[in-house]
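For reference, the structure discussed in these notes is given below.
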Amino acid sequence: MSLQITPSSDIRSARPLISLLAGRLTQSASPRLDASWLLGLSLGRDIAVQGHEDICLDVDACARLGALMARRMKGEPVSRLRGKREFWSHDFYLNEATLDPRADTECLVAAACAFAALKPQGARPAQILDLGTGSGCILLSLLLEQPDAKGVGTDIAALAIAQARANAAMLGVALRAAFHQTSWCDPIAGVFMPGLFDIITSNPPYIGSQALLSADVADYDPHHALFAGADGLDDYRTLLPRLPALMHRHARAFIEIGSTQKDAVSALAIESGLTVCGIELDFSGRDRCLILTHE
1 MSLQITPSSD IRSARPLISL LAGRLTQSAS PRLDASWLLG LSLGRDIAVQ GHEDICLDVD
61 ACARLGALMA RRMKGEPVSR LRGKREFWSH DFYLNEATLD PRADTECLVA AACAFAALKP
121 QGARPAQILD LGTGSGCILL SLLLEQPDAK GVGTDIAALA IAQARANAAM LGVALRAAFH
181 QTSWCDPIAG VFMPGLFDII TSNPPYIGSQ ALLSADVADY DPHHALFAGA DGLDDYRTLL
241 PRLPALMHRH ARAFIEIGST QKDAVSALAI ESGLTVCGIE LDFSGRDRCL ILTHE
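In UniProt numbering, the protein residues as written are 1 to 295.
Here you go:
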């Protein structure tokens, strides 16, 4: 059943239209918020329209709204419709090769920032390595919090690297961020020098290959950034053994995990010569980030 929205030159309250749109977004966890965003986008505004606002929908706006509603009703997230996602209070542009940043990952950034704040006065500027950087949201958020730090981000996807570079330029940190297309930390001359990095971060794929995901994830996030073998641990098996050689003395690695994977990933870390020195919980109180050292 199609949604009929009639163009009008009259100014009308947004609230009834938001209610109408929300009533059609039955699979959304936040239908009114989604409807507010779609209405704003249809009006050419990258902002959610508030219910108390007065709006005027012409023919073109109605056409845009209908197209946006059709895409959202098929499961496409609002962030994909906007082409960007807010993370750590900054907007990060996305493309088909980048994972849509999750709020849960902000706990990793918070933990890394807390560690960086412990740096003794006069210590060298932090060197940060972000493995599987995607949009660059983790690395660039850390660079924005640490004005003297420098960072390297890697990703297997060329499109992701291009997007991360564009985001770095937009956020004004391009001179302190270098991005390289490679699988995790495969050798690149002059980049992965032994003992170079003070902070290593990664949000690797950690979903089992047989897991059933909602359409807004399965159909719109790149599968190479989601799935990691039958048990969801394949990328940890590749990644963790390579960290000790890259870590400066007293360095820390902040590795995102699935909420039920603490014991399994901790065991792999210990086998790799690392020590688990902390666990960070996400905003829902679930295990989300392992903190590792190699001393």
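Every residue, glycine too, gets a C-beta built ideally from N, C-alpha and C.
Partner residues in the beta bridge of Y93, as assigned by DSSP, are K84. Separation of A215 and D263 (C-alpha to C-alpha, rounded to the nearest whole angstrom) is 29 Å. Here L143 is actually not in contact with I200; their C-beta atoms are around 14 Å apart, not less than 8 Å.
If you compare the alpha carbons of R80, L292 and L118 with that of L41, the shortest gap goes to R80.
Under DSSP, the beta-bridge partners assigned to I199 are I128 and R252. Considered as a whole, the segment 224-290 harbours 247-256 and 275-281 as its complete beta strand (DSSP E) runs of no fewer than 3 residues, in chain order. Our two residues, G258 and G66, have alpha carbons roughly 37 Å apart in a direct line. By the neighbour-count criterion, in which a residue is buried when 16 or more other Cβ atoms sit within 10 angstroms of its Cβ, H223 is exposed. DSSP links S28 through a beta bridge to no other residue.
For G195, the CB contacts under 6 Å within the same chain, skipping 5 residues up- and downstream, are H248 in chain order. A contact is defined here as three or more CB-CB pairs under 8 Å, and the segment 268-277 fails this definition with respect to the segment 158-166.
Its chain contains L268 as the residues whose beta carbon lies nearer than 7 Å to that of R237, once the 5 sequence neighbours on both sides are disregarded; these appear in chain order.
The beta-bridge partner set that DSSP reports for T293 consists of T275. Counting along the chain, the unbroken alpha helix (DSSP H) around A160 starts and ends at A158 to L171.
The closest CA to that of G83, considering only M73, A70 and A97, is found on A97. Going by beta carbons, R32 and I47 fall outside the 8 Å limit.
Secondary structure at G40: helix, using DSSP grouped into helix, strand and coil. When F192, R176 and V173 are compared, the shortest CA-CA separation from T182 is found for F192. The three-state reading of DSSP puts D58 in coil, since its state is none of H, G, I, E or B. In this structure, the alpha-carbon of Q50 lies about 29 Å from that of D219. Between the C-alpha atoms of G23 and W88 there is a straight-line separation of about 31 Å.
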